[in-house]
Each structure stands twice: as structure tokens, then as C-alpha cells.
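Have a look at the structure below before the remarks.
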Ligand code: LCS
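Residue numbers (our numbering): 135 to 529.
Right under this line is the structure:
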């Protein structure tokens, strides 16, 4: 059974875990231990020297965390994975591993606000530069890549504008120059998109979102080639120290079991709500990968995503105040950042997730003051629709 590759739904429940190695426990045990005892001083020496496999100290590895890492590597179809204390710990560990002073990072046309923050920090403190690119053609990529570019960093769909980046196109341009492509796959989860199968190298998740699915953990994941993962584990993870707690890893293993079922429902609800929102007279523009108004994105979606996902962004006709008024009238839908939870959440990117991005940069990314982002939950879609409907009537 161990060597057979099962389908995604099965791997999400079983991969990385063998109950026979854990007293037959059906559910992976929680190794809530900071350190591991050695049978002898010599064994401790061998483990530190890397001459013997085994756990040492939970910042360097933990059995519960390892099950999560192995499962995520399988689901993303990568060689190996590492779990972190947050999505941002994962992002910063990867970016600092791939760059040094004088290097350049080429980014998708938008990134999550705090990712923008770490890019600014790297630039100000270490002279690691970055640019944003629409990455819509090989010619554009050729023009925007520099001789000192050591990393391409993509979100697709982009938070919160939902624009898509063609992964195969970017991977093709990067391969010619040997530049690693990093994809933040938070908005899709591996159920909807596996960037490594499209030629990209490294995948990042804010596991806080769909991977967890229950709004009770902050965590991050990195998946990539074994040699890269080993390097990060021995440097920017071990020494900076943003590791996940065993309990949070245990909760993520529980959440992963239902990932396919949850994603199907998120997507089904979102599709129905898009139909309602698309023609609403108080909505200016709707941003959703399956929205046929965006023909190019639609093609990319068909190529690399199983379904359009559970996030919808839209701008309200009027001003920032109109958008805020609309939010305040919602009753079932909660005003909160984060996404991928059972509860439907709405947030105002310009003043919340992307408030740290200066106004000019925000506009370049396409984040207007009237833009709202809806993370469609698992409730009955009719109840979500009725809540949106009554709040739209009031503005
Ligand atoms: N990458 C993406 C695409 C994100 O959306 C987030 C957080 C992160 C990385 C960072 O992950 P964290 O450290 O929070 O686990 N995005 C959030 C959002 O859109 N609303 O609240 C947080």
C-alpha cells in the first residue's frame, strides 16, 4: 500500500502516516515535546553531525510536524516540505534563502500586503531590489527579468484582485535562465492548483487559510526540491526560528482530511454567488477567475486550475464610504481579514490587508477604495446571497 499513489482525496487523509509505527493510533499522535532524548552521548553527537537519522529538538524537526510536511509534499507533488509558524515566516524564509545583497526579485503585479512589507524591508536593509510585472507574455518577461534576478515570486490568483498569472509561461522564461519560480498557492490550495506540475519550483502556503480551513491556526508551508528544503531547514528556518508548534501541525493534519470536500463546497457556493453579484446594479466590477468577462484569465484558469476557487472580489458603485456602509449592513457575513474558513468573511483591502501598501502602489496593483474581497464560506449559499442582497439594498 505504501508505494501506491492514491488519488488526491485519499492522499489528503493517509499520506505521510503509518499507524503501525505509532502503536496503531488511527490519528497521528501529537508529539508535544520540545526535545528528544538520546540513548548515549555518542548518539547525540551522531545526530548533530547528520550521521544518524532521528529527532533532536523540535525547532530542527518534530514527528507530528514531519507527517504534515510529508503529506503537503505529496499533495503539491513536490519532493519535500517544511512547515512554519505563519505564512509570512514561510515567505521570509524562502526570500532570504534565495537572495543576497544586490539581487533582484521579479514579482507578480500584486502581492499580499505583508509580502509587500518584507520586500520593502529587504530593499531598505539589504539592497535586494524588486519589481512588479504583469508577466503576460514571454517578451514582457524577457524585458522585466534582470541579469541579477535570482527569484520570480508569483501569487495566482493575486490577493485581492484575483488576476491570474500563466504558470507555464513564467516557468518557461525562468528555466532558460535557471531562475527559481516561487508560487504562493494560498488562494487555490493544492486541490485546485499544483504549480510544480506546471514547471514551477517552490510553492508557499499561508496554511492559515484553506489548508487549516477552520480559522483556528496561523501557519505556513513551503514545498520544493529536497536540496532546497534541506538548505532552508538548516538555515533560514532553523536559525531564524519560525517553526510551527506540534499542536498546530496536528490541527492542520485534521483540516487536510476534509480539504477536497470543503473546497468543492467553497467553489460551488462562490459560483452561485457570482451569478447573483455579476448582474447586480450596485456592483461596478466583479473579479473572479471564472468570470467570462476576463477572457484571458479564463484561458489561464482552464489550463492550470481545477475550479475558479472560493474568493470573489468586487467593487461597489460609489465611494469608500459606500463600501464601508455596505459592510456594516451585513448580518451573517463577518467583517474580518483571513480567508478559507467555514464562515463567510468580507474585508476592505485598501484599509485592511493592503493598508501597508502606499496608495500609489495600491492603485498600480488595481486595489481601488471601493474594492471588497469576499471569502465564501460553507454556509447555505442562499443565506449568504440573502445577506448580500439586503445589505446592497441599503446603500
Ligand atoms: N500569502 C498570501 C497570499 C496571503 O493571503 C497571506 C495572508 C500570507 C501569505 C501570509 O500568511 P499568514 O502569515 O497570515 O499565515 N493573507 C491574509 C489575508 O488576505 N487576510 O488576512 C491575512
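From the three backbone atoms N, C-alpha and C, an ideal C-beta is built for every residue, glycine too.
For residue i, does the three-state DSSP call read helix, strand or coil?
| i | result |
| --- | --- |
| residue 279 | coil |
| residue 135 | Because the pLDDT at residue 135 is just 47, under 50, the model does not fix this residue reliably, and the point stays unresolved. |
| residue 332 | helix |
| residue 285 | strand |
| residue 393 | helix |
| residue 381 | helix |
| residue 414 | coil |
| residue 218 | strand |
| residue 517 | helix |
| residue 327 | coil |
| residue 361 | helix |
| residue 401 | helix |
| residue 455 | helix |
| residue 153 | helix |
| residue 503 | coil |
| residue 366 | helix |
| residue 168 | coil |
| residue 158 | coil |
| residue 205 | helix |
| residue 180 | helix |
| residue 225 | helix |
| residue 525 | helix |
| residue 141 | coil |
| residue 302 | helix |
| residue 436 | helix |
| residue 293 | coil |
| residue 345 | coil |
| residue 186 | coil |
| residue 512 | coil |
Determine the closest residue to residue i out of the options, with distance taken between C-alpha atoms.
| i | options | result |
| --- | --- | --- |
| residue 250 | 288, 277, 510, 274 | 288 |
| residue 317 | 263, 458, 244 | 244 |
| residue 368 | 238, 182, 175 | 182 |
| residue 504 | 528, 486, 456 | 456 |
| residue 211 | 171, 306, 333 | 333 |
| residue 419 | 263, 295, 142 | 295 |
| residue 283 | 331, 263, 273 | 263 |
| residue 306 | 478, 276, 472 | 276 |
| residue 156 | 197, 186, 167, 185 | 197 |
| residue 162 | 343, 390, 192, 510 | 390 |
| residue 218 | 203, 231, 232, 207 | 203 |
| residue 208 | 149, 236, 271, 433 | 149 |
| residue 286 | 303, 353, 422 | 303 |
| residue 463 | 423, 526, 502 | 526 |
| residue 379 | 510, 344, 165, 345 | 165 |
| residue 267 | 361, 495, 502, 524 | 495 |
| residue 465 | 241, 485, 346, 519 | 519 |
| residue 387 | 140, 147, 138 | 147 |
| residue 144 | 404, 493, 393 | 393 |
| residue 351 | 319, 331, 385, 358 | 385 |
| residue 374 | 193, 171, 403 | 193 |
Please classify residue i: is it buried, with 16 or more other beta-carbons within 10 angstroms of its beta-carbon, or exposed?
| i | result |
| --- | --- |
| residue 314 | buried |
| residue 514 | exposed |
| residue 205 | buried |
| residue 225 | buried |
| residue 159 | exposed |
| residue 381 | exposed |
| residue 413 | exposed |
| residue 453 | exposed |
| residue 324 | buried |
| residue 135 | Because residue 135 carries a pLDDT of 47, less than 50, the predicted location of this residue cannot be relied on, and no value is offered for it. |
| residue 342 | buried |
| residue 200 | buried |
| residue 281 | exposed |
| residue 173 | exposed |
| residue 168 | exposed |
| residue 327 | buried |
| residue 444 | buried |
| residue 507 | buried |
| residue 153 | exposed |
| residue 140 | exposed |
| residue 509 | buried |
Report the partner residues of residue i according to the DSSP bridge assignment.
| i | result |
| --- | --- |
| residue 238 | 263, 283 |
| residue 481 | 507 |
| residue 421 | 447 |
| residue 468 | 479 |
| residue 191 | 169 |
| residue 355 | 217, 339 |
| residue 316 | 287, 336 |
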